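Numbering (our numbering), first residue to last: 2 to 650.
Backbone N, C-alpha and C fix where the C-beta goes; we use that ideal spot for every residue, glycine too.
For clarity, every value in this text was computed on a predicted model and none was experimentally measured.
The structure under discussion appears below in the form of structure tokens.
Given below as structure tokens:
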């Protein structure tokens with residue numbers, strides 16, 4: 002092992018697992034069988050003996066591989082392009098759908114549940130899901146879609162999205178998920194980049210109750226993407242839409258035939274997804290994930306860190322166009338749990354919507370983003386939700402750094418200091434997480450317990466040496482979930498992740514490990530501030546701002562400064578019903594919490610912070626707007642949070 006097997010100390014914890022957590026844990030049971038007495042011991046073994054570890058994971062998680070592998074990890078193409086379990090065959094549909102539908106104990110249990118933006122609810126049992134997946138796969142074959150063809154999904158998290166994903170996988174097609182909030186141009190860019198031959202969409206949907214004409218948007222995209230031969234339309238909203246003869250097909254017609262399509266047995270390294278991520282400049286990156294890699298990594302993370310099992314219901318607001326939506330479908334169903342697919346936002350059509358979804362579905366694990374927690378805390382004035390949350394055993398969270406006040410509200414008030422917050426961080430290119438919390442490990446506020454099994458993780462300074470300060474989060478080994486490359490862009494992939502230091506994956510996040518062994522992720526390296534020669538992540542300053550009276554949300558950027566190199570500029574929104582925060586008081590409050598050297602030079606109170614449509618603050622766009630620079634790709638910007646709310650300097 003080249004990295005560090007650091008796990009947080011129980012002495013600094015605010016939550017510690019109880020006997021019931023240890024008794025229930027899938028990971029604790031596996032560790033006992035494997036002779037590992039601690040997470041640190043497991044971590045060392047998983048990194049030092051990868052052939053043993055990944056083979057043990059396949060067996061323990063019930064991943065169905067046919068044949069005997071020639072090699073667990075084959076690096077014949079080079080370290081950056083490994084292949085896994087060569088010589089075997091598989092298909093994710095076998096373990097995600099078929100085995101549960103054929104088991105009398107699970108066949109009639111809900112597999113996916115849909116909670117719509119307007120309060121509507123639908124569900125499919127495992128039996129119903131298998132029937133729909135098989136029929137959709139047959140329908141695709143009849144349209145001439147086959148192994149290796151790219152099929153794009155442009156749809157909200159409705160049950161048919163899960164069916165389409167799995168039906169495409171069943172025939173060996175490659176799924177191209179697209180964010181449901183894209184406009185025609187952004188969607189067309191991804192259709193053309195992937196050479197998609199088919200697109201699955203819906204007639205329309207709503208966002209905060211307002212109509213979104215997804216079929217019309219899709220038509221605009223397909224007009225600029227001549228390779229798309231088929232558009233399959235799900236009747237979701239019921240609104241009338243134009244259908245182009247010969248190209249457009251009603252969903253019900255596609256799945257109407259007999260389900261006679263054979264299951265394609267695939268090389269484990271055959272592509273399952275091309276997931277496009279956006280950057281500030283340049284074309285979107287097409288992240289390639291395989292059947293085995295995505296299944297193994299997502300199931301390991303959800304199964305070992307979150308302890309997701311067949312008696313769980315996982316509820317999480319996650320668009321199908323970002324990695325989390327497909328992860329929920331693949332890992333959640335593989336592990337036999339019920340997946341609640343939630344469209345929209347936490348506080349519409351009613352302010353306590355998220356809590357009522359937990360109550361209605363008897364959810365056991367609730368995913369909640371820090372942005373959502375901040376908003377719900379502000380709307381409830383920090384009070385306890387009135388819904389019945391007694392079925393919950395854990396919260397999960399990913400995508401952005403926590404501010405401690407919001408973390409403590411969720412932990413102490415909502416969870417009554419009894420439920421862990423399973424903080425989890427990784428990325429699309431990783432296929433899952435790098436560091437996480439565990440249901441069997443102690444937790445401190447707004448941090449991570451340690452690395453995930455099989456991930457040799459470290460924090461390096463600018464010269465590539467391990468550091469106890471804030472530095473680059475890196476991975477020093479290989480793991481099955483890592484992207485196989487960027488779609489048709491190997492050199493760009495190598496330049497992005499493997500260029501700075503030999504044989505080291507540089508993830509692009511800032512991280513640190515504190516004196517108690519807990520890990521912290523401070524945001525993207527692109528967002529780093531360098532004040533007086535010291536590298537600073539924005540999260541710590543933002544957390545100090547949100548702790549001030551009257552502040553609902555905060556974002557900080559670095560602006561050029563002749564003396565310090567950069568100065569800290571902050572943007573905050575006021576809490577509802579609170580007086581307008583005073584700049585001098587906010588600066589003094591931050592200085593008192595984290596030091597005068599990190600306090601903002603100026604604070605701007607704004608109406609809204611620009612965010613993506615899934616709730617992430619767009620710091621790079623804020624900085625560009627403030628400095629008068631090009632803002633780059635804004636396809637993910639939520640129109641409800643316009644960039645012009647940020648004043649230019």
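Can you give me the C-alpha to C-alpha distance between residue i and residue j, rounded to a whole angstrom?
| i | j | result |
| --- | --- | --- |
| residue 277 | residue 586 | 43 angstroms |
| residue 612 | residue 318 | 16 angstroms |
| residue 329 | residue 340 | 7 angstroms |
| residue 205 | residue 240 | 7 angstroms |
| residue 639 | residue 116 | 21 angstroms |
| residue 203 | residue 476 | 39 angstroms |
| residue 282 | residue 161 | Confidence at residue 282 is low in this model, with a pLDDT of 47, below 50, so its placement is unreliable and the value that follows should be read with caution. In a straight line, the C-alpha of residue 282 is about 33 angstroms away from that of residue 161. |
| residue 87 | residue 182 | 38 angstroms |
| residue 236 | residue 168 | 18 angstroms |
| residue 690 | residue 22 | Any question about residue 690 goes unanswered here, given that the chain covers just 2 to 650. |
| residue 482 | residue 273 | 12 angstroms |
| residue 9 | residue 227 | 53 angstroms |
| residue 343 | residue 362 | 11 angstroms |
| residue 350 | residue 622 | 29 angstroms |
| residue 635 | residue 39 | 45 angstroms |
| residue 650 | residue 559 | 12 angstroms |
| residue 60 | residue 31 | 10 angstroms |
| residue 633 | residue 186 | 14 angstroms |
| residue 416 | residue 78 | 48 angstroms |
| residue 631 | residue 396 | 38 angstroms |
| residue 211 | residue 156 | 16 angstroms |
| residue 407 | residue 379 | 9 angstroms |
| residue 385 | residue 364 | 18 angstroms |
Can residue i and residue j be called in contact, C-beta distance under 8 angstroms?
| i | j | result |
| --- | --- | --- |
| residue 402 | residue 262 | no |
| residue 433 | residue 308 | no |
| residue 505 | residue 469 | no |
| residue 421 | residue 444 | yes |
| residue 306 | residue 437 | yes |
| residue 96 | residue 132 | no |
| residue 217 | residue 118 | no |
| residue 44 | residue 454 | yes |
| residue 177 | residue 165 | no |
| residue 525 | residue 551 | no |
| residue 264 | residue 152 | no |
| residue 89 | residue 105 | no |
| residue 296 | residue 331 | yes |
| residue 191 | residue 285 | yes |
| residue 275 | residue 287 | yes |
| residue 230 | residue 246 | no |
| residue 82 | residue 101 | no |
| residue 171 | residue 92 | yes |
| residue 473 | residue 507 | yes |
| residue 570 | residue 588 | no |
| residue 13 | residue 517 | yes |
Terminal residues of the continuous beta strand (DSSP E) containing residue i?
| i | result |
| --- | --- |
| residue 662 | Outside the displayed range of the chain (2 to 650) lies residue 662, so it cannot be described from this structure. |
| residue 200 | 199–203 |
| residue 430 | That residue, residue 430, is in no beta strand (DSSP E); it is neither H nor E in DSSP. |
| residue 561 | 552–562 |
| residue 97 | From DSSP, residue 97 is part of no beta strand (DSSP E); its letter is neither H nor E. |
| residue 74 | 72–75 |
| residue 567 | 566–575 |
I'd like the span of the alpha helix (DSSP H) that includes residue i, first residue to last.
| i | result |
| --- | --- |
| residue 292 | 292–301 |
| residue 217 | 215–224 |
| residue 62 | Taken as a continuous stretch (DSSP letters only), residue 62 belongs to no alpha helix (DSSP H), as it is neither H nor E. |
For residue i, list the residues DSSP reports as bridge partners.
| i | result |
| --- | --- |
| residue 487 | 288 |
| residue 155 | 179, 202 |
| residue 116 | 122, 343 |
| residue 473 | 461, 511 |
| residue 500 | For residue 500, which the question treats as bridged, DSSP gives no partner whatsoever. |
Comparing the CB of residue i with every heavy atom of the ligand NAD, is any distance shorter than 7 angstroms?
| i | result |
| --- | --- |
| residue 155 | As presented, the structure is devoid of all ligands, the ligand NAD included, so that no description of it is given. |
- Query: So does the region 589–599 actually touch the region 617–627, counting three or more Cβ pairs closer than 8 angstroms?
  - Reply: no
- Three or more beta-carbon pairs under 8 angstroms between the region 330–338 and the region 367–386, yes or no? no
- Should the region 241–260 be called in touch with the region 290–297, which here means at least 3 C-beta pairs below 8 angstroms? no
- Message: When you compare the region 569–579 with the region 551–560, are there three or more beta-carbon pairs, one atom per stretch, that lie closer than 8 angstroms?
- Response: yes
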